[in-house]
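Note sheet for the following structure.
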Amino acid sequence: MAIKKGLGRGLDALFESYKQETDLEKKLYAQVQEIRITDIDPNPEQPRRQFDEEKIKELADSIKVHGVVQPIIVKPYGSRYMIVAGERRWRAARAAGKTEIPAIIMDLDERQILEISLIENLQREDLNPIEEAKGIQVLIDKLNLTQEEAAERLGKSRPAVANALRLLNLSDEIQKLIYENKLSVGHARALLAVKDERLRKEIAEKVINKNLSVRETEKLIQNINKEKTKNKEKPKPSYILEIEAGLEESLGTRVQIIPGKKKGIIAIEYYSNDDLERIIDRVAHH
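And the structure:
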């Protein structure tokens, strides 16, 4: 009996690769069994740490009517079973008052358990962006993968994986705001353009307090960065300032000297045609 569809592109591809590389074919296509819910334990290494109780209740209500449509995957250990994939379904079935749940029993090694568990969770549509980023990082670290290899396993593009991981460059405090849906991923990506951590926090608070859109946040950050760049301009040497002051006194208008490596610019302001003629006349007679 083939595994029921609906495991996701990454898991389907993963199982296919296991089937080709190992002798797991019989295990993969083993008959689905009904296992007592009380004989099953969650995986302590489960990457998903929090479950939305409201969504668990919704799934439990569905299970009361339709049953568990997709079997969970478990690994035998001792006289019990450990969940490899499907903890959310197991929790919902328990909440629905079910005593048994359909399961596929697979004797997997630790690497395979981790990979299946991570991929199953990372393919959930309701996964929080921070959970997703941390899950991808664990996948990369634990399995020693490149971003490209992780993207392939997850059925995602490499830029999508790279963008997800960039969120982990934000402080724990800002990550928490994203986790709590107080900041969107768009806001978070805009904040990555701010290098100063304290300034990032101030902008994040402003975004929340003023309910700024992503576009408004981007514009705010652009203006702040422009101002910072302007303020970081090298101060002019004192002799340049003295020359500017002397020219301004002589010409009766604002003068700017912009020095360069090999050449510079002298900018003389005028405010009307008459003023221009006055300045030209004064320059000509000096």
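Just so we're aligned, residue 218 is where the sequence shown starts under the numbering used here, counting upward by one.
Ideal placement from N, C-alpha and C gives every residue a C-beta, glycine not left out.
Residue i classed as buried or exposed, judged by whether at least 16 other C-beta atoms fall within 10 angstroms
i, result
"Val-282", "exposed"
"Asn-426", "exposed"
"Gly-303", "buried"
"Asp-492", "exposed"
"Glu-242", "In this predicted model, Glu-242 has a pLDDT of only 45, less than 50, meaning its place in the structure is not dependable enough to derive any value."
"Asn-361", "exposed"
"Glu-332", "buried"
"Glu-251", "exposed"
"Asn-428", "exposed"
"Glu-422", "exposed"
Under 8 Å between C-beta atoms of residue i and residue j
i, j, result
"Leu-356", "Asn-386", "no"
"Met-323", "Asn-260", "no"
"Gln-287", "Arg-306", "yes"
"Val-291", "Ile-257", "yes"
"Pro-346", "Leu-384", "yes"
"Val-301", "Ser-334", "yes"
"Glu-459", "Val-472", "no"
Inter-residue Cα distance where the pair is residue i and residue j
i, j, result
"Ala-407", "Lys-351", "19 Å"
"Glu-397", "Glu-390", "11 Å"
"Asn-442", "Ala-405", "16 Å"
"Ala-312", "Thr-363", "39 Å"
"Ser-401", "Ile-395", "6 Å"
"Glu-444", "Lys-412", "14 Å"
"Ala-277", "Ala-310", "6 Å"
"Leu-325", "Val-249", "16 Å"
Proximity to residue i [Cα-Cα], best of the options
i, options, result
"Pro-476", "Val-291, Ala-277, Pro-452 and Trp-307", "Pro-452"
"Ser-489", "Gly-463, Thr-470, Lys-479 and Ala-501", "Thr-470"
"Asn-440", "Val-500, Ile-420 and Val-291", "Ile-420"
"Gly-481", "His-502, Glu-466, Ile-457 and Ser-467", "Ile-457"
"Arg-253", "Arg-308, Lys-274 and Glu-270", "Arg-308"
Any non-hydrogen atom of the ligand SAH within 7 Å of residue i CB
i, result
"Glu-332", "The model on display carries no ligand, and the ligand SAH is accordingly not part of it."
- Please specify which runs of the beta strand (DSSP E), each continuous and at least 3 residues long, are wholly inside the stretch 301-332, giving them in chain order. The qualifying runs are 317-322.
- Item | Sequence ranges, alpha helix (DSSP H) only - wholly within the stretch 324-412, length at least 4 | 327-339, 346-360, 364-371, 375-383, 389-396 and 402-408, all fully within the stretch 324-412.
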